[in-house]
Each structure stands twice: as structure tokens, then as C-alpha cells.
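Number of protein chains: 4
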Amino acid sequence: MTRQRILAAAELVFARRGLQGARIREIAEAAGVNAATIYTYYRSKPLLYEAVLERGVLPLQELLAKFTASRGASEAEQLLGATIEHLAARPQLSRLIYLEAISEGSYLPELARRWLRPLLERTVGELEIGSESSQWDASLFPLMATAFVHLSFGYFALAPLLREVFAGDPLSEEWVARQKRFVIALTRQMFPEMSGEGERRPSPSDRSD
Amino acid sequence: MTRQRILAAAELVFARRGLQGARIREIAEAAGVNAATIYTYYRSKPLLYEAVLERGVLPLQELLAKFTASRGASEAEQLLGATIEHLAARPQLSRLIYLEAISEGSYLPELARRWLRPLLERTVGELEIGSESSQWDASLFPLMATAFVHLSFGYFALAPLLREVFAGDPLSEEWVARQKRFVIALTRQMFPEMSGEGERRPSPSDRSD
Amino acid sequence: MTRQRILAAAELVFARRGLQGARIREIAEAAGVNAATIYTYYRSKPLLYEAVLERGVLPLQELLAKFTASRGASEAEQLLGATIEHLAARPQLSRLIYLEAISEGSYLPELARRWLRPLLERTVGELEIGSESSQWDASLFPLMATAFVHLSFGYFALAPLLREVFAGDPLSEEWVARQKRFVIALTRQMFPEMSGEGERRPSPSDRSD
Amino acid sequence: MTRQRILAAAELVFARRGLQGARIREIAEAAGVNAATIYTYYRSKPLLYEAVLERGVLPLQELLAKFTASRGASEAEQLLGATIEHLAARPQLSRLIYLEAISEGSYLPELARRWLRPLLERTVGELEIGSESSQWDASLFPLMATAFVHLSFGYFALAPLLREVFAGDPLSEEWVARQKRFVIALTRQMFPEMSGEGERRPSPSDRSD
DNA sequence: GATGAATGAGCCTTCATTCAT
DNA sequence: AATGAATGAAGGCTCATTCAT
Chain A
471 MTRQRILAAA ELVFARRGLQ GARIREIAEA AGVNAATIYT YYRSKPLLYE
521 AVLERGVLPL QELLAKFTAS RGASEAEQLL GATIEHLAAR PQLSRLIYLE
571 AISEGSYLPE LARRWLRPLL ERTVGELEIG SESSQWDASL FPLMATAFVH
621 LSFGYFALAP LLREVFAGDP LSEEWVARQK RFVIALTRQM FPEMSGEGER
671 RPSPSDRSD
Chain U
471 MTRQRILAAA ELVFARRGLQ GARIREIAEA AGVNAATIYT YYRSKPLLYE
521 AVLERGVLPL QELLAKFTAS RGASEAEQLL GATIEHLAAR PQLSRLIYLE
571 AISEGSYLPE LARRWLRPLL ERTVGELEIG SESSQWDASL FPLMATAFVH
621 LSFGYFALAP LLREVFAGDP LSEEWVARQK RFVIALTRQM FPEMSGEGER
671 RPSPSDRSD
Chain W
471 MTRQRILAAA ELVFARRGLQ GARIREIAEA AGVNAATIYT YYRSKPLLYE
521 AVLERGVLPL QELLAKFTAS RGASEAEQLL GATIEHLAAR PQLSRLIYLE
571 AISEGSYLPE LARRWLRPLL ERTVGELEIG SESSQWDASL FPLMATAFVH
621 LSFGYFALAP LLREVFAGDP LSEEWVARQK RFVIALTRQM FPEMSGEGER
671 RPSPSDRSD
Chain B
471 MTRQRILAAA ELVFARRGLQ GARIREIAEA AGVNAATIYT YYRSKPLLYE
521 AVLERGVLPL QELLAKFTAS RGASEAEQLL GATIEHLAAR PQLSRLIYLE
571 AISEGSYLPE LARRWLRPLL ERTVGELEIG SESSQWDASL FPLMATAFVH
621 LSFGYFALAP LLREVFAGDP LSEEWVARQK RFVIALTRQM FPEMSGEGER
671 RPSPSDRSD
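Residue numbers (the numbering used here), protein chains in the order written: chain A, 471 to 679; chain U, 471 to 679; chain W, 471 to 679; chain B, 471 to 679.
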């Protein structure tokens, strides 16, 4: 129980300050425990940091695994939607990953190997199925896959800035739903051929709220 | 001269560690001066940080200003292209901005006021010209504008991660050109009505290299 | 316990160097603790300084309070004697107060309010009882009161200089007793009318050693 | 000229902060010169400090010398009066000497040898002339001499504290004159036999203002 | 398991001092 | 003679970490 409280607090602080900027005492305060208690569970700050990342990346891996088995027209859309929902429920995750990437942290290779590479392969592989009929150059596929990372993870990472610019809260249900709708609509716009015939092809202007 | 060396070194370190994580001594070493020398020019680390951000944001403001006067079909494309080229020449800028946003730094309001807000207004305003005929819901415009931030700034901010995943260097001329081409193609895909008749509408598969 | 050791060491160093000149590391060494430990108890050097002064001034206040109730001929003498004995037991206190005064420290108003002002009022009030018959101009009373501060506190503050000039140790019992005798004799010399009839009027040359 | 400005500024700052607490840059600012300029005249902070003390002690030595030749009843009074006037014109001198004494500075022996020792010998010697008829124990002579140091130098050293307690300014002409009158009256009170017959013996209540 | 106390290392910043101009 | 720029050496303070309780 204490371990979970520590992990949650650490995630919060690491997502805001990064590994170097985070302070054990701040994490301890956020967790409501003494700073020394943290060392009962984790032998050092970097190890705690790794545990936090681990706890964030593992579900992503699992999320991805679900979509590896079945393939189909709407698979990509479902993956995108599920990812965004997952991220909306864990607002710190995107920030952690972006911070780690920007800071060129030592966990970066792990992040690439276990999460981004599978994600890209999975998505690009998916997309390449329809590549023959696609109007897109195959060399753009990595960039496209990357774009979807930005449109899902980046949206949440930049939330503080968006909050400053727009009136509303980017993490609110309404906003998240809108972003989800936008990304899926964008996908369909880019790959019209992937939308199965049987399925009604929704207009980007469809509103669910 | 020393001041410029300090600013350049500080940009490098701040872009990697953030305000809190950056160490003055590391900046000093990178600048090839004694740590005390930094204080001859900047009275504190936060003030140095502000100066670095200032030096990064001002050109963005000016870049934006150039495109405010004339409007037209290909204006948005030009702005996007120019932005990406600008960022490619200053690889730390995107990281600085993303770090500041993720860390909810105190410079965030300034960033919103002087850069993101004008950018969005400018782009959304541009897009709204064609909104009548557009297939996009007006409520998605902010998200679309934000998406272009991700596709330009985010690309460079995540460069270390991409470098880890792909074989090549995301900051290389070839890669940057490809990203530029991709983003512009995406724009045309999304707003076909904005491409003027006189202009040949290029296929996204066009290659310049 | 550690707190007391720190306070004692700090008193020693502050009395020698003042607030600005004192070095935390020197205090720590004198206290036999790590410099960081000091910050476990006091959040900053000025706050430690205040605590040291507080610990010095409070007993002075209490000493003064004892003599506020009863009044009489020999009260002043007793106060003087008690003060000198108190100071002899706390050799740093006078130096602290003099340093604070000379340096125009921020604790000065507190010092005036809680110690010197009551002392003067108390003494001057006492003296004024006999003012009718006194040969002293009333306008000199403040100066006289101040003189007694010099003759008690100043004696201890200047101890290092006296040690340099005379052979002996100004803080030795013998010297302190002699100073006490001198000050009291001086008082009687100045206010012969205050010495009660019943009491034998001792000659200044009386020796107790 | 610059040298004098530096000395004056240094005196001001040293009198407030002591050797350790004083900062070269503060002295430089007070003198209106660049900090480096100070090093054109003095090779180090301690040497500047010595020069300041030297400049303060030398006139005291000379003042003392004037009174060494002639002896007489009113000599002591004149010395006291002259000293107080001298100090009133150099408000920092007393503070410098007291700080040096309290801090047990390295200049202390010099101070004792050149100023305090001669002063005491001179005064005590003077007093001992009348010791036969005096009511004072000879062993108290050093203390008495010291007392006069307090009553002259101490008065000015504690000026900031007195200013805090009393309404007026202890350095004002009126206050200084009063203190002078008080000290002289006290002397006469203590040594009535020293006041020559021919001279009218003034009452302590005499007022000059 | 949890913590208050303690500390070595290191951080930001200041300071006395030097030197080229 | 005077100074702006630069720096090695602290100085105050914080931090991650340990340990006895």
C-alpha cells in the first residue's frame, strides 16, 4: 500500500521535474511518508524512477499486445482510441515519456525497444497492408506513425500549455473525446481505402456529445 | 562574445535537463568559462533560463509576424515549412518549449501569450477562411492547430527517441525535408479546397531528394 | 542536546565575528556536528543568530523582572551586582549585544524594546526617587543609566582588549569581583543620599578578597 | 585623493561589519570606485583594514602625547573632553576599536601597545598622584581608567542602540556636550581633591546649553 | 515497516583578487 | 590610475542517503 502511494507520488513529481529535478523529499511529502521510508522500497532515486517508468510502460505494452493478434480495417482506429483513453486516465504517463525522450535519459533505449518500436512496427505494418492502393509514399510511413504518437501522447504532454491558451481543461472528458474524434477522423481522411465497405464511413464532423 | 557562448551552452543544457535539473557548472563547462563568469552576465539561474527562452521565442514571434500580412491559399504551407526549417536550425528550441510546458514552468504564460496564442489565432483564422466549404467541424480547429505544433515542434522534441528507434538522424537534412513534405501533404489532404486551382496540386508522394 | 551544543557554539562564534562574519562551518566544527545538521534545527544563519540572541536576552529580561517589584535604597546595587555576576557567567553575551549595536543589526529594535529600554526606565525610575535631593541634573539620568550599561556589559565586551593590556584575566573571579566592587562604590559615590542610614556605608576600598 | 575616498569608505564599512564581514565591493561602491581600484592602493583587505585602523589610532596617540608633558589638576578633565570631542568628529573610530576588541582581531596587540596602555598609564599615573589622599583603593585604578574608556569610546560605539532607545541623536552636538559634561562631573565627583582650590568647582548640574 | 537525526557531497552564489587594456 | 572581465576559493544551503531506534 505504501509502495503504491510512493509510486503514485513519484510519478507525479517525476512527470513535472524529470529525474534530475525531482526531489526525494517532495515525493515523500506527496506520498505522505517520511523521506527515509522511500528507501525501504527503492534503493535509490534512479531505481525509483525506473520503477515508475516500468509501471507506466508495461500497460502500454499490454495494450499493444491486445491488438497484435487480430488485424483489420478498424483495428488502427481502435488502437488509437484505446491509447488515448488509456493516456487520459494516466495524465502523467505522456509527460514522463516525453521528458525521458527530451532529456535523453538512460531509460530511452528501453522505451524504444519495448514501446515505440513495437508500436511503429505494428502501425506501419498495419498501414502497409493497404500501401498498394495508398496515395502515400512508403518512406513517409515512419513519420506518419510518429505523428500518431504526437497526436496521442503529445496532446497530453502539452496539456499545461494548452490549458494556458484555451479556456477549458484539455484533460476533461469533453476535450479528450474531441481529441479522440479528431485523430480518428484524421486517420480516415488519410486512409480512405482502409475504411471497410460494410462500415459506414463517418464524416469527421460527427459529434458524439 | 562570452555572453553568446554562455547562452548557447545554457540552451544546450536547459534543453536537456530543464531549469531545475540543469547545473550551472555543466553550463559553464560547455561554454568554456568559469562558473562564476556566468554570474557576471546573469544574476541567477532562472534569469539565465529566461534569457535563453527569450532568445528562442523572439525569432518565432518574428517568423509569425512575417506571415500575418498576406493571406492566401499557400500561406499556411509556407508558414509550416518555414517553421520546420527554423526549428531544424535550432534543435534545442522545441525541447526547451516542450520541457517548459511539461514542467509547468513559470515562463509558460509568456510562452502562451507571445507564441502559441498568436500562432493558433493565425492558423485557425487562416483555416476558417475556408471553413464554409470545409468538411471539418469548427470545434476541431484548435485541435488541428495544436496538431501542427506537434508535427513541427514535437518532431524535434522527440528527436532523441526517434534516433533510438530509426536508423537515421531525425535532424539530418534528408529527414527534416521528408517531415516537411509529410506535414504539407497532410495539410493538403485535410484541406483540399484550400489548394488554389492555378497551383498544381502535388501528390504526397512527391520526392525532392 | 544537539540543539544546545549548536546554540553554545553559535554564541561563541557570533560573539567573535558577528552575524555576517560568522561561518556556519566554523560553528559546526565548534559544535562537533556536520554543517548540514545545523539546518535541521535552524533554517538559516540569521534565524540561528536570532535564537542565540533570544537565549541571551531572555534571562536578562527575567533578571530585570525580579527587581521590578521591590524598590529601595540598595535595590540598584543588587541589580548591578546580579547583572555583573550574570554576565561573568555568560562571557559572550555582552559581546553579542555590543556587536549587534555596533553593526546596527536588525535585532537592534528588539534589543532596545526588551532589554535596554526596561533597564533604563527601571534604573532611571529608581534614581529619580532621590532626584529631589540629588545633586545631578535630571537630563543626565539617561546618560548615567547608559554609563552603568558600559560599566557592566562594556567591561565584558572589552575583555579581550583588557586581557591584552593587563597581566590578568578580566573574566577571573578576582577581577570580576573587583569590577563589581568598583561599580557599586561608584554608585554610592554618586548617590550618597541613597545609602540608607541603618546600613553601614562601606568604603570603596573595602576588599572582599 | 582616491586613496582618501577609499579609506573613508572603508572606515565606514569596517566600523559596521568588521574585517570579516566587510565586503570589498561595498567599500568600493561607498568610495565611488571600481573594486579593482582598491587593489591599486592596498594589496589585500586586511592591509586596507590595518591602514584604516592606523589612520584612526595615530591621532589618538598624538592626542595623548599632547597631555603627557604638562600635568595638573585639570589635565585629566581636558584629556577627557578632548577625547570625546575627537571621537564625536570621527563617529566610526570607537566602533572600529570596539569591534576589533570584541573580535579579538590581530590588530589588538598594536591597539593595546600604542593606545590603551599609554592611555591607562597616563591616566592612572595622573590619578596616583593624588592617591594618598584618595578614598579609592589603588587596585581599582585600572578599572577606573577603563571606565573612562567606556564612558568616552563606548558611548559612541553604542550610539546605534541609544538612538533606538532615546528619541534624539547621540551624535548630535547637544547630546555629545551633555555626555562630556556628565563624564567630567563624574570625575570631579570621584576625585574632589583633584579640583584645585583656585578653580571654581562646577556643579554637575551646570548646563552650557 | 517507519522515522528523526545526521552527514558527505554537491549546488548556487558570492567574494577577494588578478590581469589585460 | 582605473576598470571590466574573469576566476579559484569559499560560503550558505540542499540533497540523497544512512542508521539507530
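Glycine residues also receive a C-beta, built at the ideal position from the N, C-alpha and C atoms. Just so you know, these numbers come straight off a predicted model, no measurement behind them.
Contacting residues, own chain, Cβ-Cβ under 6 Å from residue i (five flanking each side not counted)
i        : result
Leu682/W : Lying outside 471 to 679, the shown extent of chain W, residue 682/W is not represented and no answer is given.
Val653/U : Leu550 and Leu621
Ile599/W : Its pLDDT being 47, under 50, Ile599/W is placed unreliably in this model, and the coordinates cannot settle the point.
Contact list for residue i against chain B, beta-carbon separation under 7 Å
i        : result
Gly624/W : His620 and Gly624
Ser642/W : In chain order: nothing, as chain B lies at least about 13 Å away.
Pro579/W : Glu634
Cβ separation of residue i and residue j, assumed to be a contact under 8 Å, to the nearest whole Å
i        : j        : result
Leu566/B : Val522/B : 7 Å
Ala479/B : Arg495/B : With a Cβ gap of about 11 Å, Ala479/B and Arg495/B do not count as contacting.
Ile508/W : Val646/W : At roughly 32 Å, the Cβ-Cβ gap does not stay under 8 Å, so Ile508/W and Val646/W are not in contact.
Leu533/A : Ala552/A : 6 Å
Arg633/U : Ser609/A : Between Ser609/A and Arg633/U the Cβ distance is about 17 Å, and since that is not below 8 Å, they are no contact.
Phe484/U : Ser564/U : No, Phe484/U and Ser564/U are not in contact; Cβ-Cβ is about 13 Å, not under 8 Å.
Val503/W : Arg475/W : 7 Å
Neighbour list for residue i in chain A, Cβ cutoff strictly below 7 Å
i        : result
Glu681/U : Since the first residue shown for chain U is 471 and the last is 679, residue 681/U is missing from the structure and cannot be characterised.
Gln649/U : Leu613
Within chain U, the residues that residue i reaches when beta carbons sit closer than 8 Å
i        : result
Pro561/A : Going along chain U, no residue has its Cβ under 8 Å from Pro561/A, so there is no contact; the nearest lies around 11 Å.
Tyr568/A : Tyr568, Ile572, Ala627 and Leu628
Residue-chain proximity (residue i, chain B), Cβ-Cβ < 8 Å
i        : result
Gly502/W : no
Ser573/W : yes
Leu590/W : yes
Arg587/W : yes
Phe537/W : no
is_contact[residue i, chain W] using C-beta, thresh 8 Å
i        : result
Gly551/B : no
Val483/B : no
Met660/B : yes
Val635/B : yes
Gln490/B : yes
Beta-carbon proximity list for residue i, same chain, < 7 Å, skipping 5 on both sides
i        : result
Arg473/U : Tyr511
Glu547/A : Ile654 and Thr657
Leu482/B : Ala500 and Gln562
Leu578/U : Glu570 and Ala571
Gly575/A : Leu489
Glu520/W : Tyr577
Leu457/U : Residue 457/U falls outside the range modelled here, since chain U spans only 471 to 679, and no answer is possible.
Close-in-space but distant-in-sequence residues of the same chain around residue i (CB under 8 Å, 5 per side omitted)
i        : result
Val619/U : Leu586 and Leu589
Gly638/U : Glu644 and Trp645
Ser514/B : none
Ser642/A : none
CB contact check: residue i to chain A, cutoff 8 Å
i        : result
Ala546/U : no
Glu499/U : no
Tyr511/U : no
Ala479/U : no
beta-carbon residue i near the ligand NAD non-hydrogen atom, thresh 7 Å
i        : result
Glu591/U : In terms of ligand content, the structure shown is empty, and the ligand NAD therefore cannot be addressed.
Per-residue contacts from residue i into chain W (C-beta, under 8 Å)
i        : result
Thr616/B : Tyr625, Leu628 and Leu632
Any chain U beta carbon closer than 8 Å to residue i
i        : result
Ala582/A : yes
Where residue i meets chain W, residues with beta-carbon distance less than 7 Å
i        : result
Arg565/B : Ile572
Ser609/B : Arg648
Partner residues on chain A for residue i, Cβ-Cβ distance less than 8 Å
i        : result
Arg486/U : Ile572, Ser573 and Glu574
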